[in-house]
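Going by the numbering used here, the first residue of the sequence shown is number 879, and it counts up by one from there.
Quick notes on the structure that follows.
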Amino acid sequence: MSDVPDAPDVGELTPPNRTLMGPGPSDVHPRVLRAMSTPLVGHLDPSFIEVMNEVQELLRYTFRTGNQWTIPVSGTGSAAMEAAIGNVVEPGDTMLVPTNGYFGGRMADMASRAGGEVVEVDAPWGEPLAPEDVEDAFDEHQPDVFGFVHAETSTGVRQPRVSELTRIAHEHDALVIADTVTSIGGVELRVDEWDIDVAYAGPQKCLSCPPGASPLTLNDTAMDKVLSREEPARSWYLDLSLLEGYWGEERAYHHTAPITNVYSLREALRLVAEEGIENRWERHREMAGALKAGVEAMGMQMNAAEEFWLPSLNAVRVPEGVEDGEVISRLLDEYDLEIAGGLGDLSGEIFRIGCMGYSARPQNVSYLVSALGETLNSLGADVDADAGVSATMSQL
Ligand SMILES: *Cc1c(COP(=O)(O)O)cnc(C)c1O
């Protein structure tokens, strides 16, 4: 007997019409969806080479960098992350990573798979790294590479004083890799001014683009290290010395670029350039500010202190009397509204509410605040839903 199925009777695709206010993906702009239904050309077609150049230029604008080596990596944010860590970290190198959130742990995992030795700088989940602790960790371990998470999606914390961290690293001759997945296009990020050597990002957070082609930028110092490795990077697919052939001067085949994802990224980045990057950061602050005012007026607390508040990901403490999972499924079932719960040390303690890209607009924010207030009340939490709605509306 074989288990091969007969032609399955699968219906047409009709996903529910969700409002995406979780940790990503965010709602995709209609113009980006439209760009995804335009015809394919070959990945070496002269017209596509032009598209590649435009995407690189738009990425430089969005990262605030002049780095020649700025590309979309085929794959999700984790692919860009692995391209960064797997190429920069050589066997025998030491990489310093943070312990204050979920993604520092992923950095550690990738660095050790690349053959690196991992050392840690500690801060509690829900707090940023303190430069003094980073300095101490450098003095103790003399790492070759330092990774940090600019916008920690698991805790809703924005790492402030980035220039101080990069200064410490450079004084110790180390390279800096920044996770900017949840900050790019949503929160102030200045790769060159802040002296970040390598930054990777993702398209489906504040760029409001479907996942699939993920921004990466390296300065010349970092690229020199990559191009002078003694051993090739362990991943063939993500080997930047080989990708150089496709994205560099030569434009030779390495792997087939995900054409449709590059189209969508181009349109998403065109929207960033039209809005203006600084206006876009400001819009995220305003929209998330109205959201924050609403949840605070209801009587709830933000998890992160005001100085480290991350507008693109709002971590709100779960109020007494309700269970986070019940609230999250009620919002999905009754309001078609997606938010998420906490991870790791903050599991069960916070809601994670995204306010990213096309989702960072008045209609989403007012809908979120009223649906959340209603739901919490109906599940028995003592929050003032009306006060929340009026606080939010007065700021929109
Ligand atoms: C989402 C995210 C990633 C991983 O991106 P994927 O697209 O899920 O692979 C990495 N770092 C941070 C901070 C993120 O929020």
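Even glycine gets a Cβ: it sits at the ideal position worked out from N, Cα and C.
For Glu928, the secondary structure class from DSSP, reduced to helix, strand or coil, is helix. Taking 7 angstroms as the cut-off, the C-beta of Gly1222 does not count as close to any heavy atom of ligand 1.
Nearest Cα to Val1194 within the set Gly1004, Leu937 and Ser990: Gly1004. Annotation for Phe981 indicates a beta carbon within 7 angstroms of some heavy atom of ligand 1. When distances are taken from the beta-carbon of Ser1237 to the heavy atoms of ligand 1, even the shortest one reaches 7 angstroms or more.
For a cut-off of 8 angstroms, the C-beta gap from Gly955 to Ser1092 is around 5 angstroms, short enough to register as a contact. When distances are taken from the beta-carbon of Thr1031 to the heavy atoms of ligand 1, the shortest one is below 7 angstroms. DSSP, reduced to helix, strand and coil, places Glu1127 outside both helices and strands of the structure shown, so it counts as coil. For ligand 1, a non-hydrogen atom lies closer than 7 angstroms to the CB of Gln1082. Looking at the backbone, the Cα of Ile1074 and that of Ser1041 are separated by about 8 angstroms.
In the three-state DSSP reduction, Arg1195 falls in the strand class (E or B).
The C-alpha of Ala1001 is placed about 32 angstroms away from the C-alpha of Asp1260. For Ser1113, the secondary structure class from DSSP, reduced to helix, strand or coil, is coil. Distance from the Cα of Leu1149 is smallest, within the candidate group Ala1175, Val1196 and Pro1081, for Pro1081.
Secondary structure at Asp881: coil, using DSSP grouped into helix, strand and coil. DSSP places Asp1057 in the uninterrupted beta strand (DSSP E) bounded by Leu1053 to Asp1057.
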